[in-house]
Ligand SMILES: NC(=O)c1ccc[n+]([C@@H]2O[C@H](COP(=O)([O-])OP(=O)(O)OC[C@H]3O[C@@H](n4cnc5c(N)ncnc54)[C@H](O)[C@@H]3O)[C@@H](O)[C@H]2O)c1
Ligand SMILES: NC(=O)c1ccc[n+]([C@@H]2O[C@H](COP(=O)([O-])OP(=O)(O)OC[C@H]3O[C@@H](n4cnc5c(N)ncnc54)[C@H](O)[C@@H]3O)[C@@H](O)[C@H]2O)c1
Ligand SMILES: [Zn+2]
Ligand SMILES: [Zn+2]
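Protein chains in written order, with full-length UniProt numbering: chain G, 1 to 364; chain L, 1 to 364.
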């Protein structure tokens, strides 16, 4: 088992990563002072429920925790105020009190929704993450929780740190292969923004990771969480440094929105976005090699590197205008300066981004 | 103009109280670094709008602030997730960004709803309170913001401190007399829990306050805010001391819920609750005088001191069981030990409270 602390002063918390660690859930809950007296609510979605819920509930019950389950529909539309209201209903019916905890068992959708429920129920109760997707290594660090509004993603939310994160590699074995790849896209991002050696390691270990080799996977998730946690510890509220985590996300989010959530997975969309950022780097005079390495890496992982031709450039640009990263009209853009390093540029023009979007349509 | 600082470290903020201070809104907004570049959203309700909105919008416009108004229906049901969604729509349409502010112009309903919108929009933007009810002196201190769930009041919310509070006594002149009395109930509460001399002053100045005499009103609101701010500064997150602010609220909230929101105003319900707490004090051996003084004070202000006979005791008790103040099954109750002092008791039984509820039905 690997252990990592996300260092946020009073709000610091540990991430446990390893094979079979769910078996010790009761011990870890006890260690982190989760209450056996107050009821607990386990949120999961209807795809994860048949695979992993029963086991988690049984382990909690055996461990003396009074847990009730609440199952939401799988998929991005579940991150809504309507589902939040449903969770609060379940929480009230289960009798949750101020010492209770909400446990998220699932991917980033469940984590973000359950996390916002924990942040706002009674103005904040305790929260535990049990991520079951690779992508959720990302959402399990940093405390960003949110639901969507019909007009904008993640626009209603909070910063709410969990008490602990329990990442059992075994739960990932049921993950569809497309989700595996999309999740690894965000792992690779953590290499690209911070750690050249890890990027190289990702290049060398693609086969192992794609085959969910436990040791490789556990290491990659550890480094992914580690990089994110270093960044977040230095800038919990996204005032400056934290923005580097958005590498590939400006274009990525716009693509997700325009394609209609579902056609492109988040990890796929940001892979395209990272290739775009590398292209932009070229235009700012940085090494061409950045673009080649980035693109080949994503190709190796079976991830898309070009924008589907039928997506309209105008619509993509429009979607970007609603992006939260436009602070007081200025466009903030994350650009790689070498492999493992990025910079936050504030001088990128809309015309430049439009050109990149056009170029990304021809990429292959 | 009176000024008061709510002392919360990094999150400290000033409350300005006085006649005509809205005229200087642009100056105060500038002093507190509200952005002229980013759009601002002013939330108000449809009863306050025709009385005060135009003036506020004009003053902001003249002062160079780009404000858009958003009008919600007046009344408690507006504190809902549905209205929150509507505000977020308005915020997105007005183009709010991370440097924007949401301004609440209205009573506690608008303050709580707009405050939760500010707390959760983009995971938290700036917030300004312009209270237009007496009761809102209470909600303007402490940063508690929330919406209701059909099953429970204030159950979905956050702690989000404003940048400043601008309390213009002139806006109170349009307040219906029943709202004046109900608001003064919460002012009196601040005397009862903390300040014997102020309680005496309230007894001596009832006529002036009920007539909205500017100097008396301004002083009373100042002391009310002051007491609350001292308590909140010592316990921002309601771990212990802050609970004393709930004097009268355990029964009060239950009465509001059972009567159906609207029949009893919040201030009226807690007046009855405070008389109940004084009765309970008697049973714990404290001076009988507490009950007499409390009851006569509320009678003087034209506030109710007994539970309407048609409200069912069983339903009232049931409503209390959903109350957030039941921590891990223990009943926490605030009881006066003398005028101007209270204690937090954790040993009050349901049977004792039921008896008080019965007694309160006979009170007259
Ligand atoms: N809070 C943050 O910091 C942060 C960071 C990145 C992404 N996110 C959010 O995360 C979400 C995406 O997360 P995701 O990719 O995990 O999506 P997801 O939660 O929708 O999971 C993807 C799919 O896999 C299924 N699934 C989950 N675990 C499974 C398992 N073990 N076996 C089989 N199927 C399983 C789910 O039911 C779902 O259909 C987005 O909403 C994004 O905004 C948040
Ligand atoms: N956040 C907190 O700490 C806190 C504390 C106490 C109460 N509250 C909340 O505050 C709410 C009650 O506040 P309230 O009593 O101000 O209610 P309110 O906001 O509903 O206002 C009462 C009525 O007066 C009208 N009104 C407001 N200002 C007016 C004016 N100047 N002239 C004429 N009419 C005016 C409103 O339209 C409304 O119909 C409750 O929801 C309660 O939960 C919150
Ligand atoms: Zn991402
Ligand atoms: Zn109150």
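All C-beta atoms in this analysis are idealised placements derived from N, C-alpha and C, irrespective of residue type, glycine included.
At least one C-beta of chain G is nearer than 7 angstroms to the C-beta of residue 158 of chain L. Apart from the 5 residues on each side of it in sequence, residue 195 of chain G sits with its Cβ closer than 8 angstroms to the Cβ of 223, 227, 340 in its chain, given in chain order. No Cβ of chain G is located within less than 7 angstroms of the beta carbon of residue 236 of chain L. The C-beta of residue 332 of chain L comes no closer than 7 angstroms to any C-beta of chain G. At the C-beta level, residue 356 of chain L and residue 276 of chain L come within 7 angstroms of one another.
Rounded to whole angstroms, the separation of the alpha carbons of residue 58 of chain L and residue 95 of chain L is 20 angstroms. Residues of the same chain with a CB within less than 6 angstroms of the CB of residue 63 of chain L, apart from the 5 flanking positions on each side, are 26 in chain order. Every beta strand (DSSP E) stretch that sits fully inside the UniProt domain "3-dehydroquinate synthase N-terminal" (70-181) of chain L and reaches 3 residues is listed by chain position as 101-106, 126-131, 144-149, 152-159, 164-168. The shortest C-alpha to C-alpha distance from residue 211 of chain G to any of G/5, G/302, G/145 is the one to G/302. The continuous alpha helix (DSSP H) containing residue 30 of chain L extends over residues 25-31.
Not a single CB atom of chain L sits nearer than 7 angstroms to the CB of residue 36 of chain G. Here DSSP, grouped into helix, strand and coil, assigns residue 341 of chain L to strand. With a contact defined as Cβ atoms closer than 8 angstroms, residue 91 of chain G and residue 158 of chain L miss out at about 16 angstroms.
Chain G places no beta carbon closer than 7 angstroms to that of residue 12 of chain L, leaving this residue out of the contacts. Rounded to whole angstroms, residue 89 of chain G and residue 162 of chain L show a C-alpha spacing of 29 angstroms.
If you compare the alpha carbons of L/124, L/121, L/28, L/116 with that of residue 121 of chain G, the shortest gap goes to L/116.
Against chain L, the beta carbon of residue 317 of chain G has no neighbour under 7 angstroms; the closest one sits roughly 16 angstroms away. Proximity of chain L to residue 85 of chain G at the Cβ level (cut-off 7 angstroms) is accounted for by 81, 149, in chain order. Residue environment: residue 250 of chain L is assigned as buried (16 or more neighbouring CB atoms within 10 Å of its CB, all protein chains considered). Beta-bridge annotation (DSSP): residue 333 of chain L is paired with L/345. Taking C-alpha positions only, residue 254 of chain G is separated from residue 272 of chain G by approximately 11 angstroms. Across the region 106-133 of chain L, CB contacts with chain G closer than 9 angstroms involve 116, 117, 119, 120, 121, 122, 123, 124, in sequence order along the chain.
Residue 274 of chain L is classed as buried because its beta carbon has at least 16 other beta carbons within 10 Å across all chains shown. Boundaries of the beta strand (DSSP E) harbouring residue 17 of chain G: 13-18, taken from the DSSP string. Looking from the CA of residue 10 of chain G, the closest CA among G/18, G/182, G/338, G/233 belongs to G/233.
For residue 88 of chain L, the residues of chain G that pass the 7 angstroms Cβ criterion are 149, 155, 156, in the order they occur in the chain. At least one heavy atom of ligand 2 sits closer than 6 angstroms to the Cβ of residue 174 of chain L. The Cβ atoms of residue 359 of chain L and residue 279 of chain L sit closer than 7 angstroms to each other.
Residues of chain L whose Cβ lies closer than 9 angstroms to the Cβ of residue 144 of chain G are, in chain order, 123. The C-beta of residue 152 of chain L comes closer than 7 angstroms to at least one C-beta of chain G.
Boundaries of the alpha helix (DSSP H) harbouring residue 321 of chain G: 313-321, taken from the DSSP string. Residue burial is scored here from C-beta neighbours: residue 256 of chain G has at least 16 other C-beta atoms within 10 angstroms and is therefore classed as buried. Judged by DSSP secondary structure, residue 274 of chain L falls within the alpha helix (DSSP H) whose first and last residues are 266-283. Look at residue 1 of chain L here: in three-state DSSP terms it is coil, with no helix or strand label. Between ligand 1 and residue 179 of chain G, a heavy atom-to-CB distance of less than 6 angstroms is present.
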